[in-house]
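In numbering that gives the first Met the number 0, the protein residues as written are 0 to 210.
Don't be surprised by glycine CBs; every beta carbon is placed ideally from N, CA and C.
Here the structure comes first, spelled out in structure tokens, and everything after it is commentary.
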Amino acid sequence: MPVHGGIERTAAVVIGTGLSGLAVASELQRHGVASIVVEGLDLLGAGYPANTSSLQRCDAADAASLQERNEILRHLRNYATNHQLDVRNSIRALQLDHLAADAADFGQAAGKWAVRTPGGVLLADHLVLTRCAHSQLRRMLTELGMATRQNLMAAMHALGMYLVGVGELITPSPKEVLRQAKAVGQAISAKVYPDGLPASVTGGLALAAPA
């Protein structure tokens, strides 16, 4: 597919500007990993239906956790503003391309993923998805030639793909979302900085839900 608009390079692209996306972006920033956050997918790659109702449903909080969720989201939005996280609420991901076969289209430093948006292409080694059902992920990975029958997460991580804010059967609680974000932030950081965090990385927001 030809590239229209500009091409940007970053360590990670986070898809979803809600609680899950902001939580993982904040955790990545705390670990010194640059990321760009964009709105959720219209399409899960070529050939996927444009109906995103099932994706949006995964991001909805139940009544019992809504107040807690909104409070955490308020803190995360303040953190994103104060620490100048690159959150692009008006930009929506349109398509994902895995670059194993066609990275030459973008140069040798392309990364593993191209996230196509109306304004251009975001290139990254790491991709974090939110609001995606496991069945959709399995279908996507199968079309990429990955065996997912035994371990979905292992297949995703082999591609530099991570998931935050989605459970097997139910929507995770805010506390579980933050736990997932912390784990993903640590996993990506370990790959970006295999010899340990640089000395310039200090402190930041401690992601912890109220008891």
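DSSP places Tyr192 outside both helix and strand once states are collapsed to three, so it counts as coil.
Residue pairing for Glu7: DSSP places it in a beta bridge opposite Leu121. Between the segment 84–97 and the segment 8–24, the count of Cβ pairs shorter than 8 Å is three or higher; the stretches touch. Note on Pro171: 16 or more other CB atoms within 10 angstroms of its CB, so buried under the neighbour-count rule. Arg91 is not a Cβ neighbour of Glu26, given a cutoff of 8 Å. Ser34 is bridged by DSSP to Ala11. Nearest neighbour of Glu70 by Cα position, chosen from Pro173, His82, Arg115, Arg29, turns out to be Pro173. Here the alpha carbons of Ala123 and Asn150 stand approximately 23 Å from one another. Spatial neighbours of Leu72 in its own chain (CB-CB distance under 8 Å, excluding positions within 5 residues in sequence) are listed in chain order as Gly17, Leu18, Leu21. Under the three-state reduction of DSSP, Gln83 is assigned to coil, being neither helix nor strand. Beta-bridge annotation (DSSP): Val127 is paired with Val13, Tyr161. Annotated three-state conformation of Asn150 is coil, per DSSP.
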